[in-house]
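Using the numbering used here, read the sequence shown as starting at 3 and increasing by one per residue.
One structure is given here, and the rest of the page talks about it.
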Amino acid sequence: PLAAERKAITSKLEAMKDGSRIEIGAGKQRLVVPADADDLAAVLDEEPGATIVAGSTDVGLWVTKHMREISPAIFIGNLDGLCGISEDKGVISIGAGVTYTEAFSTLAKRIPALGPLFDRIGGDQVRNMGTIGGNIANGSPIGDTPPPLITLDARLTLRRGSKRRTIPLEDFFIAYGKHDRQPGEFVEAVHVPVPGRDTKFAVYKITKRRDEDITAALGAFLLTLAKDGTVAEVRIAYGGMAATPKRALGVEKALLGNPWMEATVETAMAEYAKDFTPLTDMRASAEYRALAARNLLLRFFAETSGTKAPIQISRHEAA
């Protein structure tokens, strides 16, 4: 009965849509629902300091926990122009308003290593409401999607008015709370290359609890070997290790061109202290994070060198 009632109500609401902008309230209690993505651009041109709200899994806490004013709030969860998923020439494009559940239904099929990560992002409610664009635009240093997307060399499309620009995702994060997003500009889509068949890719998330917990440290690794067994390509990124999601450039440099063997990995591990200066907080100490980050590289080596089988199991596989 509840499902039927919901369907009937949804149908009636859909029939009421006339393609126009909705504005409710005024002053510090103002909500704007744009008609479409073009109208969103127009609203942000008028109100460049407005707060964009989609799933509200994080922004909602600004209000309920920190009592922050977010008016005018712009709700974008209804904008079809931001909710699409497509693939062209091996690159998956995901609109900023696409939820985790929607995005990972495609990503996990094309990039299987992302499947177990999806199971570790919040609970079902968060995954069904939270959006990929929101997780990126919020710029949290412990967001779950930026490190693996950076490792995959994803690019981000930002829009202001009718003008768009596309940048490497890693360049979007400048410092804590500071991003390469101009006033009136919004995240429109993220573009994720699918790794080649010979490329190895893995993501590991460390938390106090396995389920429904926030990241203490998260590492993502991408590796391609040359025919002689040396490292031809390597990209490593972490969350929870710096003020922003960040690549381990020194570690990558120490690995590149060298044989993929334990001695090489152990030598590269010395570069972690130069790449990262983690913090101590309620989730983990700086020392724990530093050790865990190094050990994740060892784990990736063990799982990709044939010395140890991957041990991550998703809840779907376990069932």
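Heads up, the beta-carbon is just placed ideally off N, CA and C, and yes, glycines get one too.
Since we're looking at a predicted model, the values are computed, not measured.
- When the Cα atoms are used, Ile26 and Gly132 turn out to be separated by approximately 23 Å.
- In the three-state DSSP reduction, Ile216 falls in the coil class, being neither helix nor strand.
- Beta bridge pairing from DSSP links Pro50 with no other residue.
- Straight across, the Cα-Cα distance linking Arg212 with Arg122 is about 7 Å.
- The beta-bridge partner set that DSSP reports for Thr59 is empty.
- A check of alpha carbon separations from Ala204 across Leu119, Val45, Glu49 and Lys91 identifies Leu119 as the nearest.
- By the 16-neighbour rule on beta-carbons within 10 angstroms, Pro143 is buried.
- Glu190 is a Cβ neighbour of Arg161, given a cutoff of 8 Å.
- Residue range Tyr274 to Asp277 is occupied by the alpha helix (DSSP H) that includes Asp277.
- The Cβ atoms of Val236 and Glu214 do not sit closer than 8 Å to each other.
- According to DSSP, residue pairing for Phe223 in a beta bridge involves Ala204 and Ile238.
- Rounded to the nearest whole angstrom, the C-alpha separation of Phe174 and Val192 is 11 Å.
- The C-alpha of Ala234 is placed about 26 Å away from the C-alpha of Thr168.
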